[in-house]
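Residue numbers (my numbering): 6 to 316.
Beta carbons: idealized from backbone N, C-alpha and C, even for Gly.
Quick notes on the structure that follows.
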Ligand SMILES: Cc1ncc(COP(=O)(O)O)c(C=O)c1O
């Protein structure tokens with residue numbers, strides 16, 4: 006790769022020693038990190054049979070919580086899985102965990118629900134009879150400022166996020182092997198993260214974030230057919246629409262991507278993160294461009310509105 010910056014990932018956060026002594030929510034109890042354990046018979050551990058949400062606490066409020074709960078409950082229905090708690094009870098569990106850790110902002114929660122403990126170490130979902138396992142890991146988490154200055158470097162990999170009838174790419178499943186393999190491939194090539202194509206070869210997504218390019222003041226992203234229905238992605242698209250920025254969900258190729266004026270990726274953790282380089286081609290001047298910065302500002306204004314309006 007041409008850029009000689011040290012390697013980092015889209016989830017790079019500033020070091021915070023308070024994370025050494027966190028309290029974790031495990032099935033209704035909030036326990037010290039070193040006591041937060043699940044059974045070796047848990048279907049999440051054994052088979053990746055579970056779903057999760059990454060949610061951020063902003064000014065003491067859970068940002069876009071309704072959208073996160075919609076996606077969680079939608080995935081549970083697809084997996085024919087009982088989540089064990091109501092929407093309101095999930096919010097209470099999140100609040101209690103934040104309170105136990107004295108967290109009010111710059112906090113990232115990973116809410117995980119698996120099908121629960123199995124009676125035998127086999128795949129059949131009917132072997133999970135004990136009810137779901139619910140875990141919330143909550144960390145002090147301030148995205149590294151370095152990411153905004155230098156952006157991340159992507160490498161295009163042969164691993165695709167596939168068709169909806171194999172493992173639907175819209176499921177935030179515990180098993181992330183497909184994306185992990187993609188990430189390994191990119192890291193072996195010296196990049197930070199993987200750029201993944203769709204089954205037709207059009208540019209689709211990265212292994213952990215949604216993907217956007219900017220060409221001549223237009224914002225393009227994939228059709229959405231093969232990527233995570235990212236909440237940040239959806240917010241960026243609607244911010245473009247309400248601010249008269251032309252935005253298209255469409256097929257486009259790597260050729261159009263290398264030549265883009267700007268590229269950025271989106272996710273709950275990093276909001277909008279600039280991409281500096283793809284497959285050794287520097288994007289624009291290699292730093293965050295004006296559209297990326299504008300959309301980031303609009304997104305943080307939206308977060309501010311959303312989180313000051315709640316409660
Ligand atoms: C593969 C993938 N793409 C995109 C995203 C971003 O989604 P969101 O904006 O809802 O955090 C995630 C995060 O869950 C993801 O795992």
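Taking DSSP as the reference, what is the three-state secondary structure of residue i?
i           : result
residue 83  : helix
residue 221 : coil
residue 383 : Nothing in the structure corresponds to residue 383, since the chain is present only between 6 and 316.
residue 134 : coil
residue 164 : coil
residue 32  : coil
residue 124 : coil
residue 105 : helix
residue 281 : strand
residue 156 : coil
residue 77  : helix
residue 271 : strand
residue 116 : strand
residue 97  : helix
residue 226 : strand
residue 144 : strand
Among residues of its own chain, excluding the 5 on either side of residue i, which ones have a beta-carbon nearer than 8 Å to its beta-carbon?
i           : result
residue 302 : none
residue 92  : 74 and 78
residue 72  : 236 and 239
residue 42  : 31
residue 336 : Missing from the structure shown is residue 336; the chain here goes from 6 to 316 and no further.
residue 204 : 165, 167, 168 and 231
My understanding is that residue i touches residue j, with C-beta atoms under 8 Å, so please give their C-beta distance in whole angstroms.
i           : j           : result
residue 272 : residue 237 : 6 Å
residue 277 : residue 300 : 6 Å
residue 280 : residue 153 : With a Cβ gap of about 12 Å, residue 280 and residue 153 do not count as contacting.
residue 138 : residue 47  : 5 Å
residue 219 : residue 265 : 6 Å
residue 143 : residue 98  : Rounded, the Cβ-Cβ distance is 10 Å, inconsistent with contact.
residue 222 : residue 296 : 7 Å
residue 57  : residue 120 : Not confirmed; about 13 Å, so no contact.
residue 187 : residue 196 : Not quite, the Cβ-Cβ distance comes to about 11 Å (not below 8 Å), so this is no contact.
Under 7 Å Cβ to Cβ from residue i, same chain only, skipping five residues before and after it: list those, please.
i           : result
residue 124 : 132 and 134
residue 63  : 110, 308 and 312
residue 22  : none
residue 232 : 166, 174, 209, 210 and 215
residue 51  : 123 and 126
residue 53  : 178, 179 and 180
Between which residues of its own chain and residue i is the CB-CB distance below 6 Å, once the five residues before and five after are set aside?
i           : result
residue 85  : none
residue 16  : 274
residue 10  : Its pLDDT being 41, under 50, residue 10 is placed unreliably by the model, and the measurement read from it follows with that caveat. Result list for residue 10: 155, in chain order.
residue 310 : none
- Query: Fully enclosed by the segment 234-264, which alpha helix (DSSP H) runs are 4 residues long or longer?
  - Reply: Whole alpha helix (DSSP H) segments, 4+ residues: 236-247 and 259-263.
- Task: Return the chain-ordered ranges of every beta strand (DSSP E) run that is complete within the segment 45-73 and spans a minimum of 3 residues.
- Result: Complete beta strand (DSSP E) runs here, min 3: 55-63.
- Task: Mind listing, in chain order, the continuous beta strand (DSSP E) runs of no fewer than 3 residues lying wholly within the segment 166-224?
- Result: Fully enclosed beta strand (DSSP E) runs of 3 or longer: 198-202, 208-211 and 215-220.
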